[in-house]
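Novice: Counting from 1, one number per residue, gives the positions in the sequence shown under UniProt numbering.
We treat Cβ as the ideally placed atom computed from N, Cα and C, and that holds for glycine.
Encoded as structure tokens, here's the structure I'll be asking about.
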Amino acid sequence: MAGIGPITQDWEPVVIKKKAPNAAAKKDEKVVNAARRAGADIETVRKSHAGTNKAASSSTSLNTRKLDEDTENLAHDRVPSELKKAIVQARNDKKLTQSQLAQV
């Protein structure tokens, strides 16, 4: 290794630091249990709708209320049986199956 120059010792201290734990690491079960054993204060906060589906289903929207209050009859009129028989008879006269008639 000629041409590099003399090798010298660097005596400056090197400090290696760990990153501070993030929020997810603080919530880890192992960390919480270790803090309990150490006697540290642990704050437990329950969210208002945690573990339930109340937020999605309890509040009725305006559209839901309108649909509930609607009393209009939305049934379709029935097809007379004479029309049904006429369609079947015409299909049979042409010797078509139901799937062939649907593709025509």
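#1: In whole angstroms, give me the CA-to-CA distance for Ala-20 and Trp-11.
#2: Identify whether Glu-82 lies in helix, strand or coil by the three-state DSSP scheme.
#3: Which first and last residues belong to the alpha helix (DSSP H) in which Asn-33 is found?
#4: Got a sec? Which residues, its chain only, sit under 6 Å from Leu-101 by beta carbon, not counting five neighbours each side?
#5: Hey, how far is the Cα of Asn-22 from the Cα of Thr-8?
#6: Can Val-32 and Ile-42 be called in contact, C-beta distance under 8 Å?
#7: CA-CA distance, Lys-30 and Thr-44?
Specialist: Based on what the coordinates show:
#1: Cα atoms of Ala-20 and Trp-11: separation of roughly 28 Å, rounded to the nearest angstrom.
#2: DSSP places Glu-82 in helix when its eight states are reduced to three.
#3: 29-38
#4: Cβ within range, chain order: Arg-91.
#5: 40 Å
#6: yes
#7: Thr-44 has its alpha-carbon roughly 15 Å from the corresponding atom of Lys-30.
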